[in-house]
Amino acid sequence: MSGDLIFSSLFLRALLAGGCLALACGLLGVFLVLRRDAMISHGLSHVAFAGVALGLALNLMPVVFSVVISLAGSLLILRLKEQARLPGDTAIALLSSGGLALAVFLMSIKKDFGAELMAYLFGDILAIGPSEVYLAVGLAVVVSAGIFLNLSRFIFMTFDREAASVSGIGLKGLDRLLVMMSAVTIVLGLRIVGLLLVTGLTVIPAAAALQLARNFRQALLLSSLFSLLSILGGIVLAYVLNLPASAAIIFLALFIFILGFLFKRLKGQQTM
Amino acid sequence: MILENKKEEVIRVEGVSFAYERVPALVNINLSVHRGDFLAIVGPNGSGKTTLLKIMVGLLKPGQGRVWLFQQPLEDFNQWYRIGYIQQKATNFDQIFPISVAEVIAASLNSISRPQKPGRGQVRQKILEALRTVGLENEAGKSMNSLSGGQQQRVLIARALATEPEILLLDEPTTGVDYPSQENFYDLLGQLNRQKHLTIVLVTHDYGIVNRHINRVACLNQKLFYHGEHAEFCQSDSFRELLQGGHHLISHRH
Ligand SMILES: Nc1ncnc2c1ncn2[C@@H]1O[C@H](COP(=O)(O)OP(=O)(O)OP(=O)(O)O)[C@@H](O)[C@H]1O
Ligand SMILES: [Mg+2]
Chain A
-2 MSGDLIFSSL
8 FLRALLAGGC
18 LALACGLLGV
28 FLVLRRDAMI
38 SHGLSHVAFA
48 GVALGLALNL
58 MPVVFSVVIS
68 LAGSLLILRL
78 KEQARLPGDT
88 AIALLSSGGL
98 ALAVFLMSIK
108 KDFGAELMAY
118 LFGDILAIGP
128 SEVYLAVGLA
138 VVVSAGIFLN
148 LSRFIFMTFD
158 REAASVSGIG
168 LKGLDRLLVM
178 MSAVTIVLGL
188 RIVGLLLVTG
198 LTVIPAAAAL
208 QLARNFRQAL
218 LLSSLFSLLS
228 ILGGIVLAYV
238 LNLPASAAII
248 FLALFIFILG
258 FLFKRLKGQQ
268 TM
Chain B
7 MILENKKEEV
17 IRVEGVSFAY
27 ERVPALVNIN
37 LSVHRGDFLA
47 IVGPNGSGKT
57 TLLKIMVGLL
67 KPGQGRVWLF
77 QQPLEDFNQW
87 YRIGYIQQKA
97 TNFDQIFPIS
107 VAEVIAASLN
117 SISRPQKPGR
127 GQVRQKILEA
137 LRTVGLENEA
147 GKSMNSLSGG
157 QQQRVLIARA
167 LATEPEILLL
177 DEPTTGVDYP
187 SQENFYDLLG
197 QLNRQKHLTI
207 VLVTHDYGIV
217 NRHINRVACL
227 NQKLFYHGEH
237 AEFCQSDSFR
247 ELLQGGHHLI
257 SHRH
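So the protein lines, in turn, are chains A and B.
For reference, each letter of the first sequence is one residue, going -2 to 269 in our numbering.
For reference, each letter of the second sequence is one residue, going 7 to 260 in our numbering.
Written out as structure tokens, the structure reads:
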């Protein structure tokens, strides 16, 4: 039924954008999970959603607008954590409800973009245009480069913040870089799996990788691999079985996580 | 450098006071460390030892007073590769963290900016060398959370040594390490101090084990009430109190 779709440019575009997103999510996710910052993607997704609504309301490119707003939001989360002495999750709650409130408000004053906005709520992989694919490729390159160029520093800071601080590496700058890269990744994810599932995309593959990895290199590799498998596999599954892609992607990611978990349990029992 | 017998002052703490939320932890501390010193900071639990060390490495800003590192005001100091620091309970890291012993050391070696950045092969070399020093050369590939607490502590010591600092500041580094390993460890510190002229600042409750290695002592309990030569310390009231009361100055190992 979908044989012709498989080779359509629509489908290839979805795979390409999805693959780029997968790489960025897989790499970032490991750091977010280990830093106990998993919910940052949750908060940022709401801010990004408000950005989309604002873009639609002003008739500007919603994705570009959303990137800008999420970048600002990511820096605000850090600020709140540092200066208002808020626990991280509270800072995120402030921002995510603020973001959603703004989106709801904008929807009420400009009623005709409800359907378009829905696409960002649940993701709409078929809606990805050629220009957004370029954006996805570009952003994925930026995020991957940002991580690999600072890999040692990110590992040091995540593993032992106090020692890293004394070693004179600029922790504040690195924190900022990490949340800004997360913001950019979230906006991409919003397009593909939507606001409601994007947190899972950044967190589940990394969580699965942590079940199995014995060193950091393995964690990054497995997390990227699981993320790729989930997104690309999910897109294909969605076409074949005629499911919503976002649901298929998250189901697949959860399935991999469960496999990883069971594998670890089995291995653990053997060595006991 | 002007007078040959006058050693370079590498740490200077001047009039430092510190309070956590108005509760004073340190009051008017003056202390200096010279190149080649092996200084032990002793004092009971809660006496401000950790606080003082954190101030020395810039993790905490003193409420009053100033700190100099290598004669530069701490605010302007940026040669952090010259400083090694091992915090108290350093092994309290996340046990789910997937990282190998070699990666722990590599992350720090590759992060710290220094005039001559080591190449890839050199990094490998330095990692193995540092692990050999602490007797863990065969564990480089092991994952950190598969090691015992004492072994983890030694990895962190290797990490600090790998960057070849000129000053090493350690905050109760042998908590959770068995007695023979403690002795080995302090022998190692003594050796590094004597042979490589590594300056060492050690916070410890194990005065009995370290006393043959150290040459200076600081007794702390909010205020500094002894700071000077180890030999003189043995004649001081502080030392008598240390021997008699024990718990006044030094609390027992936990
Ligand atoms: N983060 C903090 N917030 C508030 N008070 C603190 C904090 N850290 C330490 N203190 C207090 O400051 C005082 C000095 O603490 P510090 O940790 O420097 O002592 P210490 O000599 O290192 O003790 P120990 O031998 O137990 O390690 C203590 O009274 C402690 O309760
Ligand atoms: Mg302490």
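Beta carbons: idealized from backbone N, C-alpha and C, even for Gly.
Based on DSSP bridge pairs, tell me the residues matched to residue i.
{"i": "glutamate 20(B)", "result": "Arg72(B)"}
{"i": "lysine 67(B)", "result": "Per DSSP, none; premise fails for lysine 67(B)."}
{"i": "isoleucine 47(B)", "result": "Val209(B), Ala224(B)"}
{"i": "aspartate 100(B)", "result": "Aspartate 100(B) pairs with nothing; no bridge assigned."}
{"i": "asparagine 30(B)", "result": "Here residue 30(B) is proline; the residue named in the question, asparagine, does not match the sequence. Ala25(B), per the DSSP bridge assignment."}
{"i": "leucine 230(B)", "result": "Leu226(B)"}
{"i": "histidine 236(B)", "result": "Bridge partners of histidine 236(B): none, in fact."}
{"i": "valine 39(B)", "result": "Ile17(B)"}
{"i": "serine 179(A)", "result": "Paired residues: none, contrary to the question."}
{"i": "glutamine 78(B)", "result": "Leu75(B)"}
{"i": "serine 106(B)", "result": "Ser149(B)"}
{"i": "isoleucine 189(A)", "result": "None; isoleucine 189(A) has no bridge partner."}
{"i": "tyrosine 91(B)", "result": "Leu175(B)"}
So, residue i versus residue j, is the Cβ gap smaller than 8 Å?
{"i": "isoleucine 220(B)", "j": "leucine 37(B)", "result": "no"}
{"i": "threonine 196(A)", "j": "histidine 43(A)", "result": "no"}
{"i": "glycine 48(A)", "j": "phenylalanine 28(A)", "result": "no"}
{"i": "glycine 186(A)", "j": "cysteine 22(A)", "result": "yes"}
{"i": "proline 104(B)", "j": "asparagine 147(A)", "result": "no"}
{"i": "leucine 103(A)", "j": "alanine 69(A)", "result": "no"}
{"i": "lysine 108(A)", "j": "alanine 54(A)", "result": "no"}
{"i": "leucine 217(A)", "j": "leucine 24(A)", "result": "yes"}
{"i": "leucine 60(A)", "j": "leucine 12(A)", "result": "The residue you asked about is not leucine; residue 60(A) is valine in the sequence shown. No. Outside cutoff."}
{"i": "phenylalanine 145(A)", "j": "leucine 97(A)", "result": "no"}
{"i": "alanine 112(B)", "j": "valine 140(B)", "result": "no"}
{"i": "isoleucine 47(B)", "j": "lysine 55(B)", "result": "yes"}
{"i": "serine 220(A)", "j": "alanine 206(A)", "result": "yes"}
{"i": "lysine 261(A)", "j": "leucine 209(A)", "result": "yes"}
{"i": "threonine 169(B)", "j": "leucine 115(B)", "result": "yes"}
{"i": "threonine 205(B)", "j": "glutamate 172(B)", "result": "yes"}
{"i": "alanine 242(A)", "j": "isoleucine 125(A)", "result": "no"}
{"i": "valine 270(A)", "j": "isoleucine 37(A)", "result": "Only positions -2 to 269 of chain A appear in the structure, and residue 270(A) is not among them; the question remains open."}
{"i": "leucine 75(A)", "j": "leucine 83(A)", "result": "no"}
{"i": "leucine 72(A)", "j": "arginine 173(A)", "result": "yes"}
{"i": "valine 64(A)", "j": "valine 184(A)", "result": "yes"}
{"i": "tyrosine 87(B)", "j": "arginine 120(B)", "result": "yes"}
{"i": "valine 107(B)", "j": "lysine 148(B)", "result": "yes"}
{"i": "methionine 178(A)", "j": "valine 130(A)", "result": "no"}
{"i": "glycine 71(B)", "j": "glycine 21(B)", "result": "yes"}
{"i": "glycine 191(A)", "j": "tyrosine 236(A)", "result": "no"}
{"i": "valine 39(B)", "j": "valine 73(B)", "result": "no"}
{"i": "valine 200(A)", "j": "tyrosine 91(B)", "result": "no"}
{"i": "leucine 193(A)", "j": "phenylalanine 119(A)", "result": "yes"}
{"i": "leucine 32(B)", "j": "threonine 57(B)", "result": "yes"}
Please find out if some non-hydrogen atom of ligand 3 comes closer than 7 Å to the beta-carbon of residue i.
{"i": "glutamate 159(A)", "result": "You won't find ligand 3 in this model; what it holds is ligand 1 and ligand 2."}
Below 8 Å, can you find three or more Cβ-Cβ pairs linking the stretch 158 to 173 of chain A to the stretch 53 to 66 of chain B? In this structure the stretch 158 to 173 of chain A lies against the stretch 53 to 66 of chain B, because at least three pairs of beta carbons, one per stretch, are closer than 8 Å.
Is the stretch 15 to 28 of chain A in contact with the stretch 122 to 142 of chain A, if contact means three or more CB pairs nearer than 8 Å? The stretch 15 to 28 of chain A, when compared against the stretch 122 to 142 of chain A, does touch it at the 8 Å Cβ threshold.
Along the stretch 112 to 138 of chain B, where does the CB come closer than 9 Å to a CB of chain A? Name the residues. Within the stretch 112 to 138 of chain B, the residues whose Cβ lies closer than 9 Å to some Cβ of chain A are Ala112, Ala113, Ser114, Leu115, Asn116, Ser117, Ile118, Ser119, listed in chain order.
Runs of alpha helix (DSSP H) wholly within the stretch 39 to 124 of chain A (minimum 4 residues, chain order): Entirely contained in the stretch 39 to 124 of chain A, the alpha helix (DSSP H) runs reaching 4 residues are, in chain order, 59 to 80, 85 to 106, 111 to 119.
Indicate whether the contact test is met: 3 or more Cβ pairs, each with one atom in the stretch 202 to 214 of chain B and one in the stretch 168 to 178 of chain B, closer than 8 Å. Counting Cβ pairs under 8 Å, three or more are found: they touch.
Residues within the stretch 135 to 159 of chain A neighbouring chain B, beta-carbon criterion of under 7 Å: Listed by position along the chain: Ser149, Arg150, Ile152, Phe153, Phe156, Asp157, Glu159.
Members of the stretch 212 to 233 of chain A near chain B, C-beta cut-off 8 Å: Considering only beta carbons, the part of the stretch 212 to 233 of chain A lying closer than 8 Å to chain B consists of Asn212, Phe213, Arg214, Gln215, Ala216, in chain order.
In chain order, each beta strand (DSSP E) run of at least 3 residues that lies wholly inside the stretch 129 to 207 of chain B: 173 to 177, all fully within the stretch 129 to 207 of chain B.
Are the stretch 29 to 36 of chain A and the stretch 242 to 252 of chain A in contact at 8 Å, needing three or more beta carbon pairs? In short, these stretches do not touch, since the Cβ pair count stays below three.
Sequence ranges, alpha helix (DSSP H) only - wholly within the stretch 194 to 228 of chain A, length at least 4: Listed in chain order, they are 195 to 209.
Sufficient close CB pairs (3 or more, under 8 Å) joining the stretch 163 to 171 of chain B to the stretch 131 to 147 of chain B: A contact exists between the stretch 163 to 171 of chain B and the stretch 131 to 147 of chain B.
Cβ-based contacts, 9 Å cut-off: residues of the stretch 72 to 95 of chain B near chain A: For the stretch 72 to 95 of chain B, the set of positions with a beta-carbon nearer than 9 Å to some beta-carbon of chain A reads Phe83, Asn84, Gln85, Trp86, Tyr87, Ile89, Gly90, Tyr91, Ile92, Gln93 in chain order.
Counting Cβ pairs closer than 8 Å, one from the stretch 221 to 235 of chain B and one from the stretch 179 to 197 of chain B, do we hit at least three? Contact fails between the stretch 221 to 235 of chain B and the stretch 179 to 197 of chain B, because fewer than three Cβ pairs, one in each stretch, are under 8 Å apart.
Could you please tell me which residues of the stretch 163 to 184 of chain B, in chain order, have their CB closer than 9 Å to any CB of chain A? Residues passing the 9 Å Cβ filter: Arg165, Ala166, Thr169, Leu175.
Proximal residues, the stretch 56 to 70 of chain B versus chain A, C-beta separation under 8 Å: The residues in question are Val63, Gly64, Leu65.
Mind listing which residues of the stretch 184 to 204 of chain A have their C-beta closer than 9 Å to chain B's C-betas, in chain order? Those residues of the stretch 184 to 204 of chain A that come within reach of chain B (Cβ to Cβ, closer than 9 Å) do not exist; the list is empty.
Are the stretch 87 to 98 of chain B and the stretch 148 to 162 of chain B touching by the rule of at least three beta carbon pairs closer than 8 Å? Segments in contact, yes.
Against chain A: residues of the stretch 11 to 26 of chain B by CB proximity under 9 Å: Flagged: no residues at all.
Return the residues of the stretch 111 to 138 of chain A that lie within a Cβ-Cβ distance of less than 8 Å from chain B, sorted by chain order. Identification of residues in the stretch 111 to 138 of chain A having a C-beta nearer than 8 Å to some C-beta of chain B yields an empty set.
In the stretch 30 to 49 of chain A, which residues sit with their C-beta less than 7 Å from some C-beta in chain B, listed in chain order? From the stretch 30 to 49 of chain A, only Leu31 have a Cβ closer than 7 Å to chain B.
Output, in sequence order along the chain, the residues in the stretch 81 to 102 of chain A whose CB is closer than 8 Å to any CB in chain D. Any reference to chain D falls outside this structure, whose protein chains are A and B.
Taking Cβ-Cβ distances below 7 Å as the criterion, which residues of the stretch 242 to 261 of chain A are in contact with chain B? Answer set for the stretch 242 to 261 of chain A: empty.
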